[in-house]
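Following: one structure in structure tokens, then a few remarks.
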Amino acid sequence: MSSLSNPTDPHCQPLQTDWQNPQAAPGMHTVEGQHLNIGIGVFRRGQHSEVPPQPQGEEVATVLEGMFLVEAAGERYELSPGEGIIIPPNEPRRWTCQSERGALYRVITRLDQLPPVEESVS
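Heads up: the sequence shown begins at 4 in our numbering, then just goes up one per residue.
Next comes the structure, spelled out in structure tokens:
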């Protein structure tokens with residue numbers, strides 16, 4: 004049996020959210036793994052998610068619904084559904100919902116839990 008079909012496998016955790024429901028409450032719904040944090044956030048106009056400068060990993064994110072202003076690594080971007088961004092490690096980031104409702108899919112590496120880098124032998 005593969006881990007994808009086994010809900011008791013600790014390496015395969017479902018993300019419990021009904022973000023597509025228009026009545027879904029705002030907030031982040033996350034699953035934290037050993038090396039990654041994965042989440043879907045639901046926002047209302049003007050709500051934001053802000054991460055101050057701190058040791059944090061690279062973030063890969065895409066807008067699922069709505070419009071967002073992203074401020075990261077000293078730059079500003081306006082993203083719409085289907086658009087995404089890669090934010091380098093250790094950069095402050097702020098997401099602000101610009102539409103009545105918005106949803107984000109975010110994956111952030113955990114710098115504190117990354118496996119050690121093996122040195123190449125020449």
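For each residue, glycine too, the CB sits at the ideal point set by N, CA and C.
Inset, instruction - Kindly list the residues whose CB is nearer than 8 Å to the CB of Q19, restricted to its own chain and excluding five residues on each side of it in sequence; keep chain order. - result: H32
Inset, instruction - Per DSSP, which residues does R113 bridge with? Please list them. - result: Beta-bridge pairing links R113 to no other residue.
Legend entry - Integer Cβ distance of T48 from E94, believed to fall under 8 Å: Before going on, a small fix: residue 48 reads as Arg here, not Thr. Between E94 and R48 the Cβ distance is about 25 Å, and since that is not below 8 Å, they are no contact.
Legend entry - M70 versus G60: straight-line alpha-carbon distance, rounded: 24 Å
Inset, instruction - Tell me, to the nearest whole angstrom, how far the beta carbon of R73 is from that of I88; I am working on the premise that it is less than 8 Å. - result: Reading the sequence as shown, one finds Val at residue 73 and not Arg. In this structure V73 is in contact with I88, their Cβ atoms being roughly 6 Å apart against a cut-off of 8 Å.
Legend entry - Proximity to T112 [Cα-Cα], best of H38, V45 and P25: Closest option to T112, Cα to Cα, is H38.
Inset, instruction - Output the boundary residues of the beta strand (DSSP E) element that contains W98. - result: R96 to C100
Inset, instruction - Return the CA-CA distance between N1 and Q26, expressed in angstroms with no decimal places. - result: Any property of residue 1 remains undetermined from this structure, which presents the chain solely from 4 to 125.
Legend entry - Rounded straight-line distance, which links the Cα of T99 to that of E53: A straight-line Cα-Cα distance of about 9 Å links E53 and T99.
Inset, instruction - Compare the beta carbon distance of G44 and L107 with 7 Å and say whether it is the shorter of the two. - result: yes
Legend entry - Which listed residue (G30, H51, G36 and A76) has its alpha carbon closest to that of V110: G36
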